[in-house]
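Take a look at the structure below.
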Amino acid sequence: MTRQPHDRFAKNYLEELLSPLGTVEISKEVADATRQIDIFFSPNPNLGEISDELGILGRIASSSALLEPYRNPPTRSETRDCILKLFTVFAGTRRQARRENTTWNEEDLPRLWILAPSTTVALLESFGARLEVERWCEGIYFFPVAYRTAIVAIDRLPVLPETLWLRLLGRGATQIQAVRELQPFSFR
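So this is what it looks like as C-alpha cells:
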C-alpha cells in the first residue's frame with residue numbers, strides 16, 4: 001500500500017509512461033520478508049526497439065528494471081534496502097532457473113534505478129558510484145558492475161528534452177522547470 005502522495009504519484013506516473021512499452025507491476029512483492037519493489041518493469045518483447053520519445057527513461061526501459069523513485073534524497077540505509085530487493089530478485093531468478101533446469105545470463109538480470117531528487121557526494125562515494133558520461137548523461141551514477149545499480153540524481157540531469165520525463169520527478173526548481181517545458185506539448 002502506498003501512503004505517501006509522491007510515492008503514489010511516481011508509481012502511477014511511471015506506470016502510465018512505461019505501460020505502452022511493456023509490463024509494469026506496481027508494488028511487486030519480493031519473497032524476502034515481504035518487501036515491495038516500487039516499480040518492476042519488463043519490456044514488451046514484441047515491441048522491438050524502444051522509441052526515443054521518453055528519452056533517458058526510454059533507455060532505462062529498454063531492459064528489465066526495478067525503479068525506486070524517492071521524494072527526498074535516499075539515505076545510505078534506504079539505498080542498501082533497494083539493493084537488497086534487487087539481490088532478492090537475482091536469487092529468485094537463480095532458483096527458478098535451477099527448478100526449470102535452464103541457464104540464465106547475468107546480462108538478462110534487471111537493473112536497479114534509484115530515482116533521487118538529489119544525492120550527496122558522500123553517498124555516491126560510499127557505494128563507489130561513478131558517472132559514465134560517454135554512455136549516459138551527467139546526473140546518472142553507476143555502482144560497480146556486479147551491483148547492476150544506478151542512482152539518477154535528478155537535480156544534476158542536464159536540461160534537455162531527453163531528461164524531461166525524469167526531471168518531472170524532481171523537486172523545487174528542477175521540477176518547476178520541467179513542468180514549464182511540458183506546457184507546449186499536446187497530449188493524446
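The opening residue of the sequence shown carries number 1 in full-length UniProt numbering; numbering runs sequentially from there. The beta carbon of each residue, even a glycine, is placed where N, CA and C say it ideally should be.
State the CB to CB distance for the pair Leu57 and Leu166, rounded to an integer number of angstroms; the pair is presumed to be in contact (CB under 8 Å).
Residue mapping note: residue 57 aligns to position 57 of the sequence shown, counting from 1. Residue mapping note: residue 166 aligns to position 166 of the sequence shown, counting from 1. The pair is a contact, with the Cβ atoms about 6 Å apart (cut-off 8 Å).
Check whether Thr149 and Ile83 have beta carbons under 9 Å apart:
Locating residue 149 in the sequence shown gives position 149, where the first residue counts as 1. Locating residue 83 in the sequence shown gives position 83, where the first residue counts as 1. In this structure, Ile83 lies closer than 9 Å to Thr149 by Cβ.
Roughly how many angstroms separate the alpha carbons of Arg95 and Glu25, rounded to a whole number?
By one-based count along the sequence shown, residue 95 stands at place 95. By one-based count along the sequence shown, residue 25 stands at place 25. Whole-angstrom Cα-Cα distance: 21 Å.
Please return the same chain residues whose Cβ sits closer than 7 Å to the Cβ of Pro5, not counting the five positions on each side in sequence.
Here residue 5 is taken as the residue at index 5 of the sequence shown, counted from 1. Around Pro5: no qualifying Cβ.
Distance between beta carbons of Ser63 and Arg111, contact taken as under 8 Å:
Translated into the one-based positions of the sequence shown, residue 111 becomes position 111. Translated into the one-based positions of the sequence shown, residue 63 becomes position 63. Indeed, because the Cβ distance is near 7 Å, the residues count as touching under 8 Å.
What are the boundary residues of the beta strand (DSSP E) that includes Trp113?
Along the sequence shown, read from residue 1 onward, the residue named residue 113 stands at position 113. Unbroken beta strand (DSSP E) run through Trp113: Arg111 to Ala116.
Kindly indicate which residue of Ile60, Pro73 and Tyr141 has the alpha-carbon position closest to the one of Pro43.
Locating residue 43 in the sequence shown gives position 43, where the first residue counts as 1. Residue Ile60 is the option with its Cα nearest to Pro43.
Decide if residue 244 is buried, meaning its Cβ has at least 16 other Cβ atoms within 10 Å, or exposed.
Any property of residue 244 remains undetermined from this structure, which presents the chain solely from 1 to 188.
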